[in-house]
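K.L.:
Each number in my numbering comes from the position in the sequence shown (counting from 1) with 9 added on.
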Amino acid sequence: MSYAPQGQQDQPYRPEGHTPQPPYGDQYGRPYEQPQGHWDQEEPERPRRRGRRLLIAGVSVLALAGIAAGVMTYYEIPPFTDKGSSVSFGQNGGGKGSGQGGSGAAQQPANSRMLMPTGPAAEFKNSMTLPDGTHVAVTTLDGKKSGFKGKVWVWAPKEYDDPKFAKSGFPVMIALPGGAGYPSNYWMGTDLGLQTSISKWYAEGKSKPFLLAMPVLNPGPDDKGVYWDGSDIPGQPKMGTWLTEDVPDLMKANFRTVKSRDGWAFMGSSTGGFAGMKAVLKHPDKFKAVIASGPDIVPDSSLWKGHDKEKAENNPELLAKQLIDTKGPDVYIAFQVGDNESNKKTLPDVQKFVATYGNKGPVHTSLRVIPGGQHNAKTYVPNMGEGPIQYISKVMEGPVE
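Okay, here's the thing in C-alpha cells:
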C-alpha cells in the first residue's frame with residue numbers, strides 16, 4: 010500500500026496516450042463530454058445522494074401516514090373507521106327475508122326449539138368492531154309495551170355466523186350496568202372485555218355462546234341520586250317492562266333465539282345486578298338465570314315513596330319467598346361479591362339472602378366471594394369465568410335447533 014504526501018492524491022491509472030484532464034473540465038472551465046460507456050465514466054455522486062434523500066423522504070411520509078391513520082382510527086375519523094356503518098348480523102338474525110314480519114317463524118318446524126327472527130328488522134349501526142371481526146352495534150328502541158324510547162347495544166359471537174349453526178337459536182344474556190346506566194351501558198365498551206371473555210369462555214367449554222343485549226338501565230342520569238330500580242314505579246317510565254318485555258322483543262325480532270326461558274338470562278353489577286335478579290324472580294316463566302355482582306338486595310329508590318304495595322311487588326326477598334311457597338319454576342342466581350366492596354353491607358346482605366332463600370325449592374344460588382374484590386366491573390368480569398358463568402351455563406340451552 011502506498012501513501013500520498015499530504016495534499017496530494019494517488020493518480021488513477023490511465024492508458025497510454027490519454028491526456029490528463031482537470032477534474033471538472035478543460036482549462037476554460039467547460040465540462041467535458043465523454044462518450045457513452047467510456048471506461049473512465051463513474052456513476053454520478055449527486056443522483057445517488059438524491060435517490061437516498063427521496064427514499065428517506067418516502068419512508069418518512071409513509072411513517073407519518075401510518076401514524077395519522079392510527080390517530081384517525083383511534084378517534085374514529087372516517088374513512089379510517091367503520092363506526093356508524095350499518096350492521097345486519099348477516100340478517101340470518103333478523104329481517105331481509107329470514108324472518109322479517111314473522112315469515113321466518115312460520116317456516117320453521119313446530120317442534121323446533123329455535124325461534125326464527127320475528128321482525129321487523131331494527132336499524133343497527135356499528136359502535137365498534139372487535140379483533141375477531143364481530144360487531145357491537147346500537148339501535149334506538151321505541152318500546153311498544155313500556156312506552157320508553159332508549160338505546161340498546163347488541164353483540165353476536167362469531168359462532169352466530171358459523172354455517173354449522175346456521176339453523177340454530179342462540180341464548181340471550183341481557184347485561185345491565187351499575188351507576189347511572191344512562192345515556193350508555195358500559196358493557197357495550199370493549200375495555201371491560203365482556204364480549205371477548207364470552208368468546209374465550211365458550212372456547213374453553215365454560216360458557217354458552219351468548220347473544221348480548223345491553224340496554225340503558227335508567228331513563229335519565231342519576232346525578233341527584235335518583236334511579237328507577239329497573240321497575241315500573243307508578244308515575245315513572247316503565248323500566249321494568251322495558252327490560253323484561255321490550256328488550257327481549259328486540260332480540261327475538263332480529264336474531265335466532267331460543268323459544269323457551271331456558272335460553273334467557275340476565276347479568277348485572279350493583280343496581281344492574283339487583284334489576285337482573287329481580288327480573289328473574291318476578292318473571293321465572295320468561296328467564297331462568299342471572300349473574301348478580303355486588304347487587305342490592307331490596308329496592309331502595311326514593312321514587313317508591315308513597316307506593317309501598319308496588320315496592321313490595323319488586324322486592325327480591327318477597328319474590329323469592331313467593332316462588333318457594335308456590336313451588337314455581339326453578340331459577341338460578343349466581344352471586345359474586347368482593348370482600349373489599351365500598352358498601353360493607355353488600356356481602357353480609359347477599360350471604361343472608363343465600364342462607365334464607367338459597368337452594369330451597371326452586372331458588373338455586375351460588376356465591377363467589379372475590380378476594381380483594383372491589384365494587385366495580387373490572388373486578389366482576391374476570392371472576393365471572395371462575396364459577397358464575399359455568400353455573401348458569403350448565404342449566405341453560407343453546408345453540409338449539
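Glycine included, every Cβ here is placed at the ideal spot set by N, Cα and C.
Looking only at DSSP bridge pairs, what is ARG377 linked to?
P.N.:
GLN345
K.L.:
Okay, do the region 297-306 and the region 339-357 touch, 3+ Cβ pairs below 8 Å being the bar?
P.N.:
yes
K.L.:
Report buried or exposed for SER94, applying the criterion of at least 16 other Cβ atoms within 10 angstroms of its Cβ.
P.N.:
exposed
K.L.:
Just how far apart, CA to CA, sit GLY285 and PRO172?
P.N.:
32 Å
K.L.:
For VAL147 and GLY229, what's the separation of their Cα atoms in angstroms?
P.N.:
18 Å
K.L.:
Please report how far the alpha carbon of VAL96 lies from the alpha carbon of GLU168, in whole angstroms.
P.N.:
The straight-line gap from Cα to Cα measures roughly 16 Å.
K.L.:
Using CA coordinates, which residue listed in GLN383, GLN245, ASN385 and VAL181 is at the minimum distance from LYS261?
P.N.:
VAL181
K.L.:
Where do the ends of the alpha helix (DSSP H) carrying MET260 lie?
P.N.:
256-263
K.L.:
Relative to the ligand NAD, is the shortest distance from any of its heavy atoms to the C-beta of GLU326 smaller than 8 Å?
P.N.:
With respect to the ligand NAD, the structure shown offers nothing to examine, as it has no ligands at all.
K.L.:
Taking ASP91 as the reference, which of LYS134, PRO118 and LYS176 has the closest Cα?
P.N.:
LYS134
K.L.:
Would you list the one or two residues that DSSP bridges to ASN224?
P.N.:
Reading off the sequence, residue 224 comes out as Pro, not Asn. Answer is VAL161, bridged to PRO224.
K.L.:
Return the chain-ordered ranges of every beta strand (DSSP E) run that is complete within the region 160-238 and spans a minimum of 3 residues.
P.N.:
181-185 and 220-224
K.L.:
Return the first residue and the last residue of the alpha helix (DSSP H) that LEU327 is part of.
P.N.:
325-334
K.L.:
Taking buried to mean at least 16 other C-beta atoms within 10 Å of its own C-beta, is GLY315 buried or exposed?
P.N.:
exposed
K.L.:
Identify the continuous beta strand (DSSP E) that holds GLY277 and give its terminal residues.
P.N.:
273-278
K.L.:
Three or more C-beta pairs closer than 8 Å, one from the region 182-202 and one from the region 380-397: is that the case here?
P.N.:
yes
K.L.:
Starting from the Cα of ASP294, find the closest Cα among MET123, PRO371, SER351 and LEU185 and give me that residue.
P.N.:
Looking from the CA of ASP294, the closest CA among MET123, PRO371, SER351 and LEU185 belongs to PRO371.
K.L.:
Residues in its own chain within less than 6 Å of LEU376 by CB, not counting five upstream and five downstream?
P.N.:
PHE344 and VAL363
K.L.:
For ALA324 versus LYS287, is the C-beta distance shorter than 9 Å?
P.N.:
Residue identity check: residue 324 is Asn in the sequence provided, not Ala. With contacts defined by Cβ atoms closer than 9 Å, ASN324 and LYS287 form a contacting pair.
K.L.:
Which term fits LYS336, buried or exposed, when burial requires 16 or more other beta carbons within 10 angstroms of its beta carbon?
P.N.:
exposed
K.L.:
With a threshold of 6 Å on Cβ separation, who are the neighbours of GLY187 within its own chain once the five nearest residues in sequence on each side are excluded?
P.N.:
SER278, SER279, THR280 and GLY281
K.L.:
Tell me whether ASN135 sits in a helix, a strand or coil according to DSSP, three-state version.
P.N.:
strand
K.L.:
Determine the DSSP secondary structure at LYS369, reduced to helix, strand or coil.
P.N.:
strand
K.L.:
May I ask you to list the residues that DSSP assigns as paired with HIS144?
P.N.:
DSSP lists THR138 as the bridge partner or partners of HIS144.
K.L.:
Any idea if SER311 is buried or exposed, counting beta-carbon neighbours within 10 angstroms, 16 or more meaning buried?
P.N.:
Around the CB of SER311, fewer than 16 other CB atoms lie within 10 Å, so the residue is classed as exposed.
K.L.:
Measure the alpha-carbon distance for ALA175 versus LYS318 and round it to whole angstroms.
P.N.:
47 Å
K.L.:
For THR365, does the count of other Cβ atoms within 10 angstroms reach 16, so buried, or fall short, so exposed?
P.N.:
exposed
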